[in-house]
Amino acid sequence: MSGNTIGTLFSVTTFGESHGAALGCVIDGCPAGVPIDKAIIARELARRRPGGDAPGDAPASTTRREADEPEILSGVFEGKTLGTPIAVIIRNQDHHSVDYDALRDVYRPGHADWTWEAKFGIRDHRGGGRSSGRETVGRVAAGAVAKSFLSQYGVVIQAWSSSIAGVTAPAPGDPSFSLAQAENNALRMPVSSAALEAILAKIERLRLEGDSVGGGVTCVVRGVPPGLGEPVFDKLDARLAQAMLSVGAAKGVEFGAGFASADSQGSLLNDAPVPYQSDPAELSALLPAALPDGVPPVSFKTNNAGGVLGGISDGMPLEFRVAFKPVPSISKKQTTVDRAGSVRELIVNGRHDVCIVPRAVPVVEAMTALVLADMFLLQWRNRQRN
Ligand SMILES: Cc1cc2nc3c(=O)[nH]c(=O)nc-3n(C[C@H](O)[C@H](O)[C@H](O)COP(=O)(O)O)c2cc1C
Numbered sequence: 294m295s296g297n298t299i300g301t302l303f304s305v306t307t308f309g310e311s312h313g314a315a316l317g318c319v320i321d322g323c324p325a326g327v328p329i330d331k332a333i334i335a336r337e338l339a340r341r342r343p344g345g346d347a348p349g350d351a352p353a354s355t356t357r358r359e360a361d362e363p364e365i366l367s368g369v370f371e372g373k374t375l376g377t378p379i380a381v382i383i384r385n386q387d388h389h390s391v392d393y394d395a396l397r398d399v400y401r402p403g404h405a406d407w408t409w410e411a412k413f414g415i416r417d418h419r420g421g422g423r424s425s426g427r428e429t430v431g432r433v434a435a436g437a438v439a440k441s442f443l444s445q446y447g448v449v450i451q452a453w454s455s456s457i458a459g460v461t462a463p464a465p466g467d468p469s470f471s472l473a474q475a476e477n478n479a480l481r482m483p484v485s486s487a488a489l490e491a492i493l494a495k496i497e498r499l500r501l502e503g504d505s506v507g508g509g510v511t512c513v514v515r516g517v518p519p520g521l522g523e524p525v526f527d528k529l530d531a532r533l534a535q536a537m538l539s540v541g542a543a544k545g546v547e548f549g550a551g552f553a554s555a556d557s558q559g560s561l562l563n564d565a566p567v568p569y570q571s572d573p574a575e576l577s578a579l580l581p582a583a584l585p586d587g588v589p590p591v592s593f594k595t596n597n598a599g600g601v602l603g604g605i606s607d608g609m610p611l612e613f614r615v616a617f618k619p620v621p622s623i624s625k626k627q628t629t630v631d632r633a634g635s636v637r638e639l640i641v642n643g644r645h646d647v648c649i650v651p652r653a654v655p656v657v658e659a660m661t662a663l664v665l666a667d668m669f670l671l672q673w674r675n676r677q678r679n
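Take 294 as the starting number for the sequence shown in the numbering used here and just add one per residue.
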């Protein structure tokens, strides 16, 4: 099974199954001297954990509880990367494999059970094996390292739940939008406490009905210098989209104005270049230095492109949204087919998220960090060659 590695120069391989001994990652190509220790990785893992560090994201998530304690096996010495491969493992602890016995010979609607068997002829049915949401542990551990590398250059990645159960949160620029509020609430969603209570009540209702619900995660990256992204097949937006769609349950990605662009007009959608204005909150401090001689620094009046033009970062904040479908494992009765090819009714037991969106927030940030770290290194290599 190939396809477990992402990145060209900052490359990450993840491994492990939901109910195996451990999951983890091997990061190859991270420059030496990047500050990293167990606490930095543990902090990101805690944000992904069910009932983790978003105070009370438990209402939406599985009741599986694990410490998710990272063990750094190599590549870090006295709090800094050595420039050698960094291996991190997270041991599985709270797995109830017996809960999944009923799924050994039956295919869950909406999950990867049948397609994995159709491909490999064999499947680890315990917790979904490697098609489990738990697989994202390795991504988040690696993303913590990439974030630490990027933060040295002023790159700040922030994601939040922008819609859940059909309710859309205010967007940046709206006076009621507060990212700090989002990170500290039960759904990682920047909404008023009244709206939050209403969405939580809906999630609870769905949990009792044995159902699930989807939503969207928006990600904004500030401090991205212009010039990241490799024409033609490794465009920045193409690589980010590929990374996002590699996350379980992700069904769509849009940049900037996104799908609404299709109904717009050039005169409304084009982002007009204006002479560069240094705004540390919005634009990369690296912008002027990132430009070749003779290219004037510019910023843009609007950001409908989401910070990418021609697959290359334009110095504006990167902005994109990822759509997540409802969790497929539900305890509501569904019909399916078993391994004998017979029609069966199925109620999925085991511990599952009702809505994965709040837990997908740190995963989206991690995947963004992995792509950007790779793009930084590719750009530096280009510069050395030119
Ligand atoms: C953080 C996270 C948690 C998830 N938790 C669950 C879960 O509890 N139950 C479930 O059936 N699917 C869960 N999923 C979704 C499945 O992994 C995904 O639907 C499955 O692999 C099929 O892939 P697809 O939906 O991308 O086609 C989770 C995904 C993520 C990213």
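Cβ coordinates follow ideal geometry from the N, Cα and C atoms, glycine included.
Check: In terms of DSSP beta bridges, what is residue 568 paired with?
Finding: 591
Check: Given residue 550, which residues of its chain have a CB within under 7 angstroms of its CB, disregarding the five upstream and five downstream residues?
Finding: Hits under 7 angstroms: 557, 562 and 597.
Item checked: Span of the beta strand (DSSP E) around residue 382 -> 379-384
Notebook entry, point to check: Bridge partners of residue 318, per DSSP?
Noted result: Looking at the DSSP output, residue 318 sits in a beta bridge with 307 and 381.
Note to self: Please list the terminal residues of the continuous beta strand (DSSP E) segment that includes residue 451.
What the structure shows: Here the beta strand (DSSP E) through residue 451 covers 449-457.
Check: On the three-pair Cβ rule with 8 angstroms, is the segment 366-375 touching the segment 315-334?
Finding: yes
Notebook entry, point to check: What does a CB cutoff of less than 6 angstroms around residue 396 pick up in its chain, not counting 5 residues either side in sequence?
Noted result: 418
Next item on the list: Would you grab the beta carbon distance between residue 468 and residue 483 for me? Rounded to a whole angstrom, and I think it's under 8 angstroms.
Entry: Not a contact, Cβ separation roughly 12 angstroms.
Checklist line | residue 640 burial status per 10 Å Cβ neighbour count (16 or more: buried) | finding: Per the 10 Å Cβ criterion, exposed.
Next item on the list: List the DSSP bridge partners of residue 611.
Entry: Looking at the DSSP assignment, residue 611 forms a beta bridge with 514.
Next item on the list: Could you check the C-alpha separation between residue 638 and residue 610 for me, to the nearest Å?
Entry: 48 angstroms
Check: At which residue ranges does the segment 369-436 contain complete alpha helix (DSSP H) runs of 4 or more residues, listed in the order of the chain?
Finding: The DSSP assignment places 406-413 as complete runs of the alpha helix (DSSP H) inside the segment 369-436, in order along the chain (cut-off: 4 residues).
Note to self: Going by DSSP in three states, residue 527 sits in which element: helix, strand or coil?
What the structure shows: strand
Margin query: Quick check: the Cα distance between residue 613 and residue 410, rounded to an integer number of angstroms?
Written below: 33 angstroms
Next item on the list: Per DSSP, which residues does residue 533 bridge with? Please list them.
Entry: Partner(s): none; residue 533 has no beta bridge.
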